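Q: Numbering-wise, full-length UniProt numbering puts 231 at position 231 of the sequence shown, and it's gapless, one number per residue. Positions of the beta carbon are idealized from the N, C-alpha and C atoms, including for glycine. It should be emphasised that the depicted structure is a prediction, and the values quoted were computed from it without experimental measurement. Please find one structure pasted underneath; my questions will follow.
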Amino acid sequence: MQMQGVGFFLRVPCSHSVLRMRAIPVSKLKCKALQPFTRPCSHMPNVAESPPSTLVQQFTKFCYQRDLPRAMIAMEAMQRRGLWADSVVYSELVKCCLARRAVQQGKLVHKHVFSNGYQPKTFLINVFINMYVKFALLEEAQELFDEMPERNVVSWTTMISAYSNARLNHKALESLVLMLREGVSPNSFTYSSVLRACDGLSNLKQLHCCIFTAGLESDVFVRSALIDVYSKLGELHNALGIFNEMVSGDLVVWNSIIGAFAQNSDGDEALNLFKRMKRAGFSAEEATLTSVLRACTVLALLELGRQVHVHAVKYGQDLILNNALLDMYCKCGSLEDANSVFTRMEKKDVISWSTMIAGLAQNGFSQEALRLFEQMKLSEVKPNYITLLGVLFACSHAGLLEDGWYYFQNMKQLFGIDPGREHYGCVIDLLGRAGKLDEAARLIQEMEGEPDAVTWRTLLGACRVHRNVDLAAYAAKQILKTDPDDAGTYILLSNIYANSQRWEDVTEVRKSMKARGVIKEPGCSWIEVNKQIHAFILGDDSHPQIDEINRQLSLLIDRLMAVGYIPDTNFVLQDLEGEQREVSLLSHSEKLAIVFGLMSLSKGKTVRIRKNLRICGDCHVFAKLVANIEERSIVIRDPIRYHHFQDGINSKHNISNDEMEKFLVQKDWIRRWFIDLEGMVNGEGRCAPRMPLGLIMCKSTAHSTYAHGGLCVP
């Protein structure tokens, strides 16, 4: 890897290296006068009357016994008589203060040590600096650090680590420069700490060069930190290169590289690395399993996730691992498993509650999500930004306009949370579903930040549903300003114009696409069968069983038509001839994946499919009817929501398919809700499909809506 010079060293003014070198002024310490921790009890020895040697011995004994009240009483007596103990003894007393979160007592120890001109050793000053850092009193730590007559590598590393943890990245990097100028050589812990402060590739490469020059590139913690930072900056190739240079393996580094790919949604490579780790003889621990679960979540590999769950059982009530399991089951559409994990968790934090609330909302159980939110408010866990996002999502997809608007308007007052762009997006979607397009457009204009393409896409979808062509054209133009190569917007706008017989506008949109070289992303669906991922791509006939799949699809279509199925050609390009439109519908990737699942999976197995693009209305109706006549459970996960089809019965409303179908026809909901055609990009997902039998990576955030009985429940 090519390294740049350590240029950032030259950008720090030399005046910053001139530090004060004088004794710590005790008068500046913000603490009360030295007083006992508690009043002496009758059974306590009268330490004040003990000889000096005995008094120091008693103080030492109390410190090592972690008896803070008696130690403070003995220290007060020593203070009056001008006595001091050894530095190691005071370090034990500081440990006791830290364990009890006794901030005031810690400050009293500091004041005692520096009283009457006594100058403690560098070791003890470092102990006090560390104490203030752990008490989150960074100003006091900085002041004590600045007054040190001599600073060693521990002093500098403690402060650099404190700045990194406080996200004061510039001060952490500047401190490293000053440390080098003072002639103190950083060690592996210094570099591990300062690497966390790198928020740009330029500084990272300069630090990497310093680490290489110091000969610390092989240190386990430094290598792990390098992998973490490169991956957070999206430089996975460099992270993998550092990992592959490792001579001898170490579990810490394995966890770092697996976690790097899992966090960057490259689940395929994360699982490959996990297999390499197992072959190298390493056993998975909590951190490893958490990353593997993340990879399973990205790839929607429910069965593999369940196998990982078996290994996670031995770690019992590990909160982080349980949260990862909860997230995996929710995003793989298995709410029964998710609820089982959630109810068995002895300890739940805000991540646990938020994950379950969002999971219920994204799978269509909006009322259950809101009821769980009420339970959360009764617990001691305070909702956060993500919690409220799940609540608003639930209100949006349940059509709860008043509830959603109430929570949005009162977020700051009730929970101390300022609405963010995602919260605005949910409310805009809520207003759009209710047909309040003017209010939705007005809310976009009132946003504090600049609306992004996703916000405008939400309004565009609502305009298509309610046939507001002019506002749709305006929203589309706003999207193309920020994302001029978004094929989905071009196609949706073209079809909106075509439905309104505005053929000149259709021609202009198509010309713009051609001029910019915008190409539709092909639809891709994949399904896991016998631990293999089978992918189906629009227009690709390379699957080894494609001929039989097409034959079975044809037979299935005939059966469906016998019960009233008519291909809905509104979800293909509007300028195709009628027969061409029907042929185009038959080649949609999810239809092929559904048929392959029916062919390959036993009768009781759920057919679970994942798509890179949103499911179109025709495929939704197709899946509903297939689930009904085949008496199968079908789950389709697209980049926006989950669609669950089962047995022709709607579990949410307990009415028959025919009744629900009649209701949908009256409300025209099918055409209002499912607006994407196959091959259209929704703007949030980008799929990079490989060969049909390979793993498919979809760089998208999976939201979901639960549909049961073949019908999507809003």
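1. Here's the rule: buried if 16 or more other CB atoms are within 10 angstroms of the residue's CB, otherwise exposed. What is Leu207?
2. Alpha carbons only, please: which of Ile549, Ile491, Cys63 is nearest the one belonging to Val506?
3. Consult DSSP for Lys121 and reduce its assignment to one of helix, strand or coil.
4. Relative to the alpha-carbon of Ala498, which residue among Ala487, Cys524, Arg467 has its alpha-carbon at the smallest distance?
5. Bridge partners for Tyr642 per DSSP, in chain order?
6. If you follow the beta strand (DSSP E) that Ile609 is part of, which residue opens it and which one closes it?
7. From Tyr132 to Asp146, what does the alpha carbon distance come to, in whole angstroms?
8. Quick test of the definition: if touching needs 3 or more C-beta pairs under 8 Å, does the segment 545–555 touch the segment 609–620?
9. Could you check whether Leu302 and Arg608 sit closer than 8 Å to each other, using their CB atoms as the reference points?
10. I'd like to check one pair, Val391 with residue 715: are the Cβ atoms closer than 8 Å?
11. Using 8 Å as the limit for Cβ to Cβ distance, is Val506 near chain B?
12. Bridge partners for Gln532 per DSSP, in chain order?
13. Count the other CB atoms within 10 Å of the CB of Phe342; is the residue buried (16 or more) or exposed (fewer)?
14. Our contact map puts Ile160 next to Leu144 with C-beta atoms below 8 Å; I'd like the distance itself, whole angstroms only.
15. Do you know offhand how far Leu431's Cα is from Leu471's?
16. Just mark Ser525 as buried or exposed, buried being the case when its beta carbon has 16 or more other beta carbons within 10 Å.
17. Buried or exposed for Met148, going by 16 or more other Cβ atoms inside 10 Å?
18. I need the DSSP call for Cys332, collapsed to helix, strand or coil.
19. Taking the alpha helix (DSSP H) that Asp618 falls in, what are its first and last residues?
20. Say the cut is 7 Å; is the CB of Ile527 nearer than that to a heavy atom of the ligand SAH?
21. Have a look at His309 and Thr297 and give me their C-alpha separation to the nearest angstrom.
22. Identify which residue in Arg457, Val465, His423 has its Cα closest to the Cα of Glu448.
23. Measure from the alpha carbon of Val427 to the alpha carbon of each residue in Gln413, Phe415, Asp403, then state which is nearest.
24. Using three-state DSSP, classify Cys463 as helix, strand or coil.
25. Taking contact to mean at least 3 C-beta pairs separated by less than 8 Å, is the segment 50–62 in contact with the segment 99–111?
26. Buried or exposed: where does Leu592 fall if 16 or more other Cβ atoms within 10 Å of its Cβ makes it buried?
27. Please state the DSSP three-state secondary structure of Cys426.
28. Thinking C-beta only, is Glu286 closer than 8 Å to Asp250?
29. Should Tyr163 and Ala197 be called a contact, given that it needs their Cβ atoms to be closer than 8 Å?
30. Under 8 Å between the Cβ atoms of Ala487 and Lys520?
31. Determine which residues share a DSSP beta bridge with Ile537 and list them.
32. Taking C-beta to C-beta, are Asp483 and Val518 nearer than 8 Å?
33. Tell me whether Gly215 sits in a helix, a strand or coil according to DSSP, three-state version.
34. Nearest CA to the CA of Thr190: which residue from Ile211, Gln367, Ala284?
35. Report back the beta-carbon spacing between Leu204 and Leu173 to the nearest angstrom; my notes put them in contact at under 8 Å.
A: Put simply:
1. Taking a 10 Å sphere around the C-beta of Leu207, we find 16 or more other C-beta atoms and assign the residue as buried.
2. When only C-alpha atoms are compared, the closest one is Ile491.
3. The answer is coil: DSSP assigns Lys121 none of H, G, I, E or B.
4. Sorting Ala487, Cys524, Arg467 by C-alpha distance to the C-alpha of Ala498 places Arg467 at the top.
5. According to DSSP, Tyr642 bridges with Arg637.
6. Counting along the chain, the beta strand (DSSP E) containing Ile609 begins and ends at 607–611.
7. Between Tyr132 and Asp146, the C-alpha separation is close to 14 Å.
8. At 8 Å Cβ cutoff, the stretches do not touch.
9. For Arg608 and Leu302, yes; Cβs fall inside 8 Å.
10. Any property of residue 715 remains undetermined from this structure, which presents the chain solely from 1 to 714.
11. Protein chains in the displayed structure number just one, and chain B is not present.
12. Paired residues: Val529.
13. Its Cβ being crowded by 16 or more others within 10 Å, Phe342 is buried.
14. About 15 Å; that fails the 8 Å criterion.
15. The alpha-carbon atoms of Leu431 and Leu471 are separated by roughly 14 Å.
16. By the 16-neighbour rule on beta-carbons within 10 angstroms, Ser525 is buried.
17. With 16 or more Cβ atoms within 10 Å of its Cβ, Met148 is classed as buried.
18. Three-state DSSP puts Cys332 in coil, outside helix and strand.
19. From DSSP, the alpha helix (DSSP H) with Asp618 extends over 617–630.
20. Inclusion of the ligand SAH in the displayed structure is not the case, the ligand content being empty and no account of it being possible.
21. Between His309 and Thr297, the C-alpha separation is close to 13 Å.
22. With distances taken between CA atoms, Glu448 lies nearest to His423 out of Arg457, Val465, His423.
23. When each option's Cα is compared against that of Val427, the closest is Asp403.
24. In the structure shown, Cys463 sits in a helix (DSSP, three-state: H, G or I).
25. Cβ pair count under 8 Å is below three, so no.
26. Burial of Leu592 is indicated by the presence of at least 16 other C-beta atoms within 10 angstroms of its C-beta.
27. The three-state reading of DSSP puts Cys426 in helix, counting H, G and I together.
28. No; because the gap between Cβ atoms is not below 8 Å, this pair is not in contact.
29. With a cutoff of 8 Å on beta-carbon distance, Tyr163 and Ala197 are scored as near each other.
30. Going by C-beta atoms, Ala487 is nearer than 8 Å to Lys520.
31. Bridge partners of Ile537: Cys524.
32. For Asp483 and Val518, no; Cβs fall outside 8 Å.
33. When secondary structure is reduced to three states using DSSP, Gly215 falls in the coil class, being assigned neither helix nor strand.
34. Among Ile211, Gln367, Ala284, the Cα nearest to that of Thr190 belongs to Ile211.
35. Approximately 11 Å separates the beta-carbon atoms of Leu204 and Leu173; this is outside 8 Å, ruling out the contact.
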